[in-house]
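Trainee: Counted from 1, the sequence shown has number 110 at position 110 by the UniProt record's numbering; the numbering is strictly sequential. Glycine included, C-beta positions come from ideal geometry on N, C-alpha and C. Being a predicted model, the structure only gives us computed values, none of them experimental.
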Amino acid sequence: MSPYRDDDRPSRPSSARSPLSSRLGAGGRIALWGTAHFCFYLVQQVAELAAPVLLVLGAGWWALPHLLGMASHGAASVDTASADSGQVHDMLATASHAIPASIDLGGHVFTAGGLIFDGILLMALAAACSTVAAIAAREI
1 MSPYRDDDRP SRPSSARSPL SSRLGAGGRI ALWGTAHFCF YLVQQVAELA APVLLVLGAG
61 WWALPHLLGM ASHGAASVDT ASADSGQVHD MLATASHAIP ASIDLGGHVF TAGGLIFDGI
121 LLMALAAACS TVAAIAAREI
């Protein structure tokens, strides 16, 4: 049983459109939502391509000095009597310290953590654009 009486219900015909869509007409509405769908879908595609690249580059850049440092300490503790182990230790230590913590390109500072964070943000942007593109596709 409805709490409303028949004459208390808001009367809105099922075919009524919002003021914006009535002013634009069918062609304008399709053009507007089609353009929105295109823009959001394009951003989604670019973000889906760039996000894994940034994540892999950032994770590799972060992990490489740590792995070289562990290998350097392992090489030093394996055999201290051999002359080669000292050279391997020095070479690995030099290589791990040669990897920069940040890179400055054109006034932008890139770090391993920053690339990982940007990759995660791009994944969130791709998800948001996918949602908005789906809504825009339904409105067309």
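Would I116 and G69 be called neighbours here (beta carbons separated by less than 8 Å)?
Mentor: Here residue 116 corresponds to residue number 116 of the sequence shown, with the count starting at 1. Here residue 69 corresponds to residue number 69 of the sequence shown, with the count starting at 1. Against a cut-off of 8 Å, the Cβ pair of G69 and I116 comes out as no contact.
Trainee: Can you tell which of W62, H66, S96, D90 has its C-alpha closest to the C-alpha of G113?
Mentor: For the purposes of this step, residue 113 is identified with residue 113 of the sequence shown, where counting begins at 1. G113 has its Cα closest to that of W62, out of W62, H66, S96, D90.
Trainee: Leaving out the 5 sequence neighbours to the left and right, which residues in its chain are closer than 7 Å to I30 when beta-carbon positions are compared?
Mentor: Start at 1 with the first residue of the sequence shown, and residue 30 comes out as number 30. Within the same chain, I30 has close Cβ partners I140.
Trainee: Is the beta carbon of A133 less than 8 Å from the beta carbon of H37?
Mentor: Within the sequence shown, numbered from 1, the residue matching residue 133 stands at position 133. Within the sequence shown, numbered from 1, the residue matching residue 37 stands at position 37. Their beta carbons are under 8 Å apart, which means A133 touches H37 by this criterion.
Trainee: Determine the extent of the beta strand (DSSP E) in which I103 is found, giving its start and end residues.
Mentor: The residue you call residue 103 lines up with position 103 of the sequence shown. From DSSP, the beta strand (DSSP E) with I103 extends over 102 to 105.
Trainee: Please report the Cβ distance between H64 and G119, rounded to the nearest whole angstrom; I am assuming they are in contact, meaning their Cβ atoms lie under 8 Å.
Mentor: Counting from 1 along the sequence shown, the entry for residue 64 is found at position 64. Counting from 1 along the sequence shown, the entry for residue 119 is found at position 119. The sequence shown places Leu at residue 64, rather than the His named in the question. Going by Cβ atoms, the distance from L64 to G119 rounds to 17 Å, so no, they are not a contact pair.
Trainee: Quick one, are the C-beta atoms of L122 and A50 less than 8 Å apart?
Mentor: Looking up residue 122 in the sequence shown gives position 122. Looking up residue 50 in the sequence shown gives position 50. For L122 and A50, yes; Cβs fall inside 8 Å.
Trainee: Identify, in the order they occur along the chain, each residue of the same chain with its Cβ nearer than 7 Å to the Cβ of A95, setting aside the five sequence neighbours on each side.
Mentor: Walking along the sequence shown from the start, residue 95 turns up at place 95. Excluding positions up to five away in sequence, the list reads L68.
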